[in-house]
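Asks: Residue numbers (the UniProt record's numbering): 1 to 204.
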Amino acid sequence: MPGTLFIVTAPSGAGKTTLVSGLLERDPLVRLSVSYTTRAPRTGEVNGQHYHFIDVQGFRALRDKGEFLEWAEVHSNYYGTSKRWLEEQIRAGRDILLEIDWQGAQQVRKVFPKAVGVFILPPSVEELERRLRGRGTDSEDVISRRVLGARGEMRHVAEFDYVIINENLPAAIEDLVAVVRASRLRYANQEARQPAFFHYLEQD
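1. If you measure between the beta carbons of K110 and L5, is that distance less than 9 angstroms?
2. Work out the CA separation of G152 and F119 for me, nearest whole Å.
3. For D95 versus L29, is the C-beta spacing smaller than 9 angstroms?
4. If I follow the unbroken alpha helix (DSSP H) through F59, where does it start and stop?
5. With distance defined between alpha-carbon atoms, name the residue in D161, I165, L128, R184 nearest to G149.
6. Helix, strand or coil: which one does DSSP assign to D101?
7. I'd like to know if T38 contacts chain C, where contact means its C-beta is closer than 9 angstroms to some C-beta of that chain.
8. Using the beta-carbon count (16 or more within 10 Å), is V8 buried or exposed?
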């Protein structure tokens, strides 16, 4: 049976990366789709594990060849998802998690309409700003732009199936784990796993 594609979206500073890491530690059946990006690696990020880091020229070449399922420019950096790899994984029955922005999520749903969308929200805009400032990596000007951009991103929350407010980290991780587990229990997925049994149940 085909796997399930999970789309996780959040404004910068909402804790998406931490939540996804928590999910991957608790559910080894979920694989992370590694996106391409032109932004510089952050401390601790490994090429090929967290992102495929690439220069702008290389990214545009892949884009022009149609290699990306979706791509977007966010905060002056490009991000894109490999179309071929993702389709191969889903066909092979693997559950894949894709971390993208709301624009990318709209593009992906056109190809994978059954994808499960999850939007991560901060408790408040004030808390979001505090977290961004707490990173100690961005200037005040960058932080202001990110907060302004986050306001626009969060207006698209209603386009997603599930919403997790990341106020308490352990609880938010468990919420994300619960979304994945519940999605596997949907009728269509259970029927696909045991077609003979469900066919028997449908007989008179």
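All C-beta atoms in this analysis are idealised placements derived from N, C-alpha and C, irrespective of residue type, glycine included.
Bear in mind the structure is a predicted one, so any value in this text is a computation, not a measurement.
Replies: Answer, in terms of the structure:
1. no
2. Taking the CA atoms as reference points, F119 sits about 14 angstroms from G152.
3. Yes, the Cβ-Cβ distance between D95 and L29 is below 9 angstroms.
4. Secondary structure note for F59: its alpha helix (DSSP H) is the uninterrupted segment 56-64.
5. L128
6. coil
7. In the structure shown, chain C cannot be found, because there is only a single protein chain.
8. By the neighbour-count definition (other C-beta atoms within 10 Å, threshold 16), V8 is a buried residue.
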